[in-house]
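Chemist: In the order they appear, the protein sequences are chains A and B. If you read the first sequence in UniProt numbering, its first letter stands for residue 1, the second for the next number, and so on. If you read the second sequence in UniProt numbering, its first letter stands for residue 1, the second for the next number, and so on. Backbone N, C-alpha and C fix where the C-beta goes; we use that ideal spot for every residue, glycine too. Please read these numbers as outputs of a predicted model, since none were measured by experiment.
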Amino acid sequence: MFRKRPPPEEERRVRANDREYNEKFQYASNCIMTSKYNIITFLPVNLFEQFQEVANTYFLFLLILQLIPQISSLSWFTTIVPLVLVLSITAVKDATDDYFRHKSDNQVNNRQSQVLIGGILQKEKWMNVRVGDIIKLENNQFVAADLLLLSSSEPHGLCYIETAELDGETNMKVRQSLSVTSELGDPNNLAQFDGEVVCEPPNNKLDRFCGTLYWKDCKYPLSNQNMLLRGCVLRNTESCYGLVIFAGPDTKLMQNSGRTKFKRTSIDRLMNTLVLWIFGFLVCMGVILALGNAVWEKEVGALFQSFLPWDPPVDNFLFSAFLSFWSYVIILNTVVPISLYVSVEVIRLGHSYFINWDRRMFCSRSNTAAEARTTTLNEELGQVEYIFSDKTGTLTQNIMTFNKCSINGHAYGEVMNILGAQQKRVQPLDFSAWNPLADRDFCFYDQSLLEAVMVGEPAVHEFFRVLSLCHTVMSEEKSEGELVYKAQSPDEGALVTAARNFGFVFRSRTPGTVTTQELGKAVTYTLLAILDFNNIRKRMSVIVKNPEGRIRLYCKGADTVLFERLHSCNHDLMNITSDHLNEYAGDGLRTLAVAYRDLSEEQWEEWSERFRGADKATDCRDDRLAAAYEEIEQDMMLLGATAIEDKLQEGVPETIAILSLANIKIWVLTGDKQETAVNIGYSCKMLTDDMTEIFIVNGHTVQSVREELRKARERMLESTRTRDGGKEAEAQGWGGACAFGNGCGGGAAANWMPDESKCPPPQAPPSSILESISGEFALIISGHSLAHALEADMEREFLETACACRAVICCRVTPLQKALVVELVKRHKKAVTLAIGDGANDVSMIKTAHIGVGISGQEGIQAVLASDYSFSQFRFLQRLLLVHGRWSYLRMCRFLCYFFYKNFAFTMVHFWFGFFCGFSAQTVYDQYFITLYNIVYTSLPVLAMGIFDQDVPEQRSLEYPKLYEPGQLNLLFNKREFFICIAQGIYTSVVLFFIPYGVLSHATQSNGVPLADYQTFAVTTATALVIVVSVQIALDTGYWTAINHFFIWGSLGTYFTILFAMHSSILFNIFPKQFHFLGSAHNTLGQPVVWLTIALATVICIAPVLAFRFLKLDLKPQLSDTVRYTQLVLQKKRKPAGRAGRGVGGTGVASGSTLGRLGRGGSRRSGYAFAHQEGFGELITSGKNMRLSSLALATFASRHSSSWIDTLRRKKHANSTSAQNTPPTGEDSTASSQAPPFSTSSSAADEAGQPCNEPVLAHSPDDIALSVIRCPEREVGECSTGNVQEAPFVWKGTGTRISGASSPGPPPIAEETSSGE
Amino acid sequence: MMASSYNAKDEDGHHPGSVGSGGPGAVKSKKPDNTAFKQQRLPAWQPILTAGTVLPAFFMIGLIFIPIGIGLLVTSNNIKEFEIDYTGVDMFSPCFNCSQSYSWNSTSACTCSVPFTLDQPFESNVFMYYGLSNFYQNHRRYVKSRDDSQLNGDKSSLLNPSKECEPYRTSEKKPIAPCGAIANSLFNDTLELFYIHPNGSKIGIHLVKTGIAWWTDKHVKFRNPGGNNNNLSIVFQETSKPVNWRKPVYELDSADPENNGFINEDFIVWMRTAALPTFRKLYRIIQKKKDNMTPTLPPGNYSLEVTYNYPVRSFDGRKRMILSTISWMGGKNPFLGIAYITVGSVCFFLGVVLLIIHHKYGNRNNNADIPN
């Protein structure tokens, strides 16, 4: 049944709970299908696909030709057997692939979801979910379709999602339902819900949604804030209900994952072109021979009819010529034998296995080996010019660690300097002994900082106090001491965790308070204001009042911003800190400066007045708020600076360095913020402080983007010009800003031209300019600008600018944009692109690039499923490209060269023979020889070479990344090389025909019988051919393993064995008609003249090749030749030391910039809240998200009881407001550090806190107690907090990380006692 | 060739990927096996083209080829060969008349006598060939136009020849034996040689007509149908003679039953098709005199008596008669010797040129510095 394809949707109308109504529109169901075939369609579709392959159709055509007796110059089986073999192998492979796709589809389609049908929740498979259904999601479930959030278990209809699969960001996002729907609450009400949504048609914009909900005669606007997209995971939310708006293929996730394309390598494409050329060549040969036939038949054949009449249908020479044309097409078809395709597949399969087997690409931590999921792309790995990398999870582990800090001019964390360089591995400090709430995963090595805390240096204490107070982290304490921080950005998490381990534990917050435990004492600060972060401010502050009533502003932010706002007395400290910051920045750490300011009551009152005014303003609220913030963040006192390490994956900078030495350009495409991306760029040495300039394109309009790009180009040009004025002339030519990378024509150079229509040949002199430019610049472009830059009229401009830069970072890009960028480079640069990523947001990019690599071993496997290669560490990329890719390319090229050579040598003999046999399409060889030549006699040696050959050992290709270059420039197999091979093949065929011709036409056997009979001639030529091509492969093989020996000698042996067997009387007696070469081998090969002929032909064929190769090697050695030679010399000298000397280090020095100079320059990069969203501060102060911290409660307690607690809390609230600011005994002063941190529990401890206070832990504070809200002016929110239900779990864990009571707690008693010091 | 044996063992020890491999008893590790094959560390011989290997190779080839070439040339020059064209194209040639009146079916044989003189004595066995020019025995349709199983004595093929034989498969509704274009065009001139004694008498020279075909052809490939039945006329009763033939196959050599029918050696020789349009086929052997004192063919005047049956004028063909002696390497073949000398010299010369180039411009990368 063919369903009519509905016209493209204009708008989508969905009515909740009304399947009948929605069915009218024939929206796609939620069933996804990525498979291509089913059982019935498999055969026709697959055959159809296979015959789209030029070669297959060609062979089918030949087969048909061969069935015509007048034409058939070869037996039909010479073609059909290989063809059927090839088709069936491919079919089996396709079938297996598709089977796995079916399996994964089924798995996804059969996931369970709860659908509200007729007011009852029913389990349904994903694929049965329809548009308009209301489904229920539970915590940690994948969202099944694009949903409109209706209500959630959380207050205000909030729910939290993780969008890692969609855009790669791991921080949590908040979604909120409309207030009208969030009130619906339970399933019964929802079943009655009959609102209608009118919205935009399916599209791929992840961050946009616009629609309207019509319900009860009211209109409610909908935005992306109300949507849950397929692929997200629900987090920290007990459950929620959503209305399915887009399902299955219409979902944004599916719309964003590009089409599955069949990838071909450039060699494949070249091969197809060459096959077409060869076909053209074949036709030419056929025409020449057919013309010859016409002439011959007219001049000679017609007269010769008394001995050889024409076949019945032939009545004139023209017709005969016509038939002869086809006959020759059949005979000469062996120039492109079908075994070419089979052999190529076999070789690639072999290479894939080598990748799978590589121990050095095995990650023992995740127990995953590298996997070549596509077996057809290997040689392309040796030609990569552009790598597009995702950031999170690919370059980085997405783990932030607090690494170093500078407090009051004193640098901490630099273990090497303090303990001496010789002691490399220091034990991380043990915090747990001292601080029961310490996070065990936290590692810090510098003992002196801990000592400083213990000694009670005020600055150090204040420093950590800032870290524990000034943030927007939410805490969650499932059981006593078992704190889990929910940080929006991992940076903040790292800072708060650091403070926690150094004794300033952030425990809980309410909209109006922050409760910390400072060196064991619980302290509750009143949170007066959060001066939230945004990109312009680059800082955040909190204003808190401590229990004593002192008001302080704590601020952390980018140093540049902060330093301007310091009190003038900080000058010296600022200089010292600045030095430290430079140092940190040089190490690629993200830095933040930390400061405070004391405020008097009056100052605060005065300011808060203005602040309120600004806050309430309706127009320009943001500006006015910013101004208000600015006002108070002045005259601050600098405390110090932090340095956070965004942990890169192992070996990332080294890998990037090596890859860029190999002339591979790396672009980072990330959904993350600009600052984050730039920072990673620095820490993985993509960006360095040596760079002349880093261009940031951040425009929001077409004009501004264009302007910025233009400026960037001008700047580049300018600096190039100033640097070397000599090349000005060429630079002028570039004025129009057209750089054309290495792509055009595959030449080593770039072309500079005003427009693309006149593309001059490559190797233009200005290549050096591009080279010099590409060394020094970097481009950073944001998603908004990218959207404009990718438009048709600007894309070239963008591309040219970007390609002239050494590093390109695109941030805030959507998955589809990633694909578009890749596509752009792919299309215009004609360069091989590789995309590497780990998340679902990388899928489209992975699919688009020539080669997609998935990082496996992480959570999501979507990237891996879409990828061509997968492994678990970014650093394996260097091995994949430089070793496997390089070898694959080399082997494939050598294979192809040889393959075309041997077939031309084989086939063209027929052409020459044509002139002597009346152009009758008589073959030179026995038909069995023709059948077996490609399959048996010459296949294995070349396969062995194609699989095992190595020019230089693997570690050399890592040491000399330049060895990779021939692949990028496509030097080893291109049209020129092809013609050389062909020429060599034709030369060989000439020799192979004319030498026997010259010798045998007069020669006789030693018993007087002439040797010029057809069969002797055939055997002689065939033997000479086999020997010549064997000698040639022996020359080509650079790495003779036992297997190569076996195959080469074995092939020769097989040839002679089969030859004698075929010509034996035994076979003849059985099939006299088939084996009429009886005795030829014996008679021919017994003659010395024959052997002299063969030797002569071999020498004539090989000597020029040998001389040519020697000259090339001697006069213009390639790098690989030199490396190889050196290796040989070294081994002769047996000097192991010599090799070590020329390691990577040497290479780096030789090539200069990238590895050698480490940036210690000035560009410091603020690490503040990189993955941070603006507006969280507000969320906190409004108290909306406060129940986040009590999620644990929600999961344990029933809904009913928790709401009961809520009411209880509200009641308590009224009487505890006054008491909440009980002054803690120790104050925040330093003196108390020696004092045992004994419990000074805050106000409400007695109520809820009582049951959970273990007697043993009496000294340990219990601040899960209810803190009470005191939102500055507003209504009362809910309380965050501790609770009765948790009590039984409390004593177990002392303060570790992982949520859930199941986490193995350490022996609590011991811990606790020791913590008391 | 200079070569290095790459020892895999050197590289062991540093495996960046294998830090802390899953301890014993842990989850089954998927770590690939550490075999030389899987890790691509098979011991191997890695030949490199260096001056030390290539140049000597060229000199060696030169030094081997030149003497061989000289030897071959000398041997070839010692062989005596005499060739005479008796087609009769020329008005004055003795066979002109015969060549003009050509008909396959003429009953009266046309004979002509071609005189010639040998200047030098032919020693040892002398081989007599007939040569044809412009005759396309290697034409595809011609080559396949035979039935090997019929020629091998297969009864059913005898009566039902292969389709390949068309249009010489049946004649007058009877199968042709032997069928096909090759057999049909059997060379049927008869050549006889006479020594004209200085005193004027013609002495016939004995021509041996066996031993001219490949042993395998004579004894394996070609067999008369009906096994040892000597009465071939009965065996071939149901068949028809090839169209162009004057007499049926069983009368090719009525005198010698071992040389009659399909196993007639002239027939076998003809059936072994030539590779090139100009070819010669062994016709007769003149055995050396028993006394060893007088040459087989002393110098002097001879006469070639031709029974001229075979028409070649229509397609501009030529017919020749060749007399030749033989050495260990067969007949006269100056090409091979010259080729060897040439190739040897060229290789030697190339060796010298390469040596000079290597010394003058060669990249002496012995210092093992690698530019990167």
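Tell me which residues share the same chain as A/Arg465 and place their Cβ nearer than 6 angstroms to its Cβ, disregarding the 5 neighbours each side in the sequence.
Modeler: Phe504
Chemist: Mind listing, in chain order, the continuous beta strand (DSSP E) runs of no fewer than 3 residues lying wholly within the region 808-889 of chain A?
Modeler: As far as the region 808-889 of chain A is concerned, its whole beta strand (DSSP E) runs of at least 3 residues are 832-837, 851-855 and 869-871.
Chemist: Listing by chain order, which chain B residues have their CB less than 8 angstroms from the CB of A/Asn698?
Modeler: Result: empty, since nearest Cβ-Cβ is about 38 angstroms, beyond 8 angstroms.
Chemist: Report the rounded CA-to-CA distance for A/Glu23 versus A/Asn188, giving the unit in angstroms.
Modeler: 23 angstroms
Chemist: Contact criterion: CB-CB distance below 7 angstroms. Does A/Ala1107 meet it with respect to chain B?
Modeler: Yes, A/Ala1107 counts as interfacial toward chain B.
Chemist: Output yes if chain A places a C-beta closer than 7 angstroms to the C-beta of B/Cys347; else output no.
Modeler: Yes, B/Cys347 lies at the interface with chain A (some Cβ there is under 7 angstroms from its Cβ).
Chemist: Measuring only between beta-carbons, confirm whether A/Phe362 sits less than 7 angstroms from chain B.
Modeler: yes
Chemist: Would you identify the three-state DSSP class for A/Met636, choosing helix, strand or coil?
Modeler: strand
Chemist: Output the boundary residues of the alpha helix (DSSP H) element that contains B/Gly52.
Modeler: Ala51 to Asn78
Chemist: May I ask you to verify whether the region 1014-1029 of chain A touches the region 303-321 of chain B, counting CB pairs closer than 8 angstroms and requiring at least 3?
Modeler: no
Chemist: Tell me A/Ile331's beta-bridge partners as DSSP assigns them.
Modeler: In the DSSP output, where bridge partners are listed per residue, A/Ile331 has none listed.
Chemist: Mind pulling the chain A residues with CB within less than 7 angstroms of B/Tyr340?
Modeler: Leu1096
Chemist: Look at the alpha carbon of A/Val808 and the alpha carbon of A/Tyr386, and state the distance between them as a whole number of angstroms.
Modeler: Rounded to the nearest angstrom, the gap between the Cα atoms of A/Val808 and A/Tyr386 is 11 angstroms.
Chemist: Which value, in whole angstroms, describes the spacing of the CA atoms of residue 405 of chain B and A/Val1009?
Modeler: For residue 405 of chain B there is no data in the structure shown, the boundaries of chain B being 1 and 372.
Chemist: Could you compute how far the alpha carbon of A/Val342 sits from the alpha carbon of A/Leu865?
Modeler: 26 angstroms
Chemist: Check whether chain B comes within 7 angstroms of A/Thr78, counting only Cβ atoms and requiring the distance to be less than that.
Modeler: The beta-carbon of A/Thr78 is placed no less than 7 angstroms from the nearest beta-carbon of chain B.
Chemist: In terms of residues, what are the limits of the alpha helix (DSSP H) holding A/Val108?
Modeler: Phe77 to Asn109
Chemist: Going by DSSP, which residues form a beta bridge with A/Gln383?
Modeler: A/Gln383 pairs with nothing; no bridge assigned.
Chemist: Using the three-state DSSP reduction, which class does A/Leu669 fall into: helix, strand or coil?
Modeler: strand
Chemist: Buried or exposed: B/Thr117, going by 16 or more other Cβ atoms within 10 Å of its Cβ?
Modeler: exposed
Chemist: Check A/Ser989 in the structure and name its three-state DSSP category.
Modeler: helix
Chemist: Can you grab the Cα-Cα spacing for the pair B/Asn292 / B/Asn125, in whole Å?
Modeler: 11 angstroms
Chemist: What does a CB cutoff of less than 7 angstroms around A/Thr1084 pick up in its chain, not counting 5 residues either side in sequence?
Modeler: Thr1016, Val1019, Thr1020 and Val1090
Chemist: Could you tell me whether the region 944-963 of chain A touches the region 364-376 of chain A, where touching means 3 or more Cβ pairs closer than 8 angstroms?
Modeler: no
Chemist: Measure the CB-CB distance between A/Asp672 and A/Lys391 and report whether it falls below 7 angstroms.
Modeler: yes
Chemist: So the candidates are A/Arg565, A/Val561, A/Lys545 and A/Asp559; which of them puts its Cα closest to the Cα of A/Gln603?
Modeler: A/Lys545
Chemist: What residue ranges within the UniProt domain "P-type ATPase N-terminal" (14-80) of chain A form continuous alpha helix (DSSP H) runs of no fewer than 4 residues, ordered along the chain?
Modeler: 19-23, 39-52 and 54-66
Chemist: Would A/Cys159 and A/Ser151 be called neighbours here (beta carbons separated by less than 7 angstroms)?
Modeler: no
Chemist: Mind reading off the beta-carbon distance from A/His788 to A/Val705? Whole number of angstroms is fine, and I expect it under 8 angstroms.
Modeler: 4 angstroms
Chemist: Determine the DSSP secondary structure at B/Gln46, reduced to helix, strand or coil.
Modeler: strand
Chemist: Taking the alpha carbon of B/Lys163 as the point to measure from, which residue in A/Ile117, A/Val108, A/Ser182 and A/Pro69 has its own alpha carbon closest?
Modeler: A/Pro69
Chemist: Sorted by chain position, which residues of the same chain lie with C-beta nearer than 6 angstroms to A/Gly885's C-beta, five sequence neighbours on each side aside?
Modeler: Closer than 6 angstroms at the Cβ level, and outside the excluded window around A/Gly885, lie Leu381 and Gly382.
Chemist: Between A/Lys298 and chain B, is the shortest Cβ-Cβ distance under 7 angstroms, so that the two count as touching?
Modeler: no
Chemist: Counting only beta-carbon separations shorter than 7 angstroms, does B/Pro167 have a partner in chain A?
Modeler: yes
Chemist: Which residues mark the beginning and the end of the beta strand (DSSP E) in which A/Lys521 is found?
Modeler: Lys521 to Leu531
Chemist: Return the CA-CA distance between A/Lys616 and A/Ser608, expressed in angstroms with no decimal places.
Modeler: 12 angstroms
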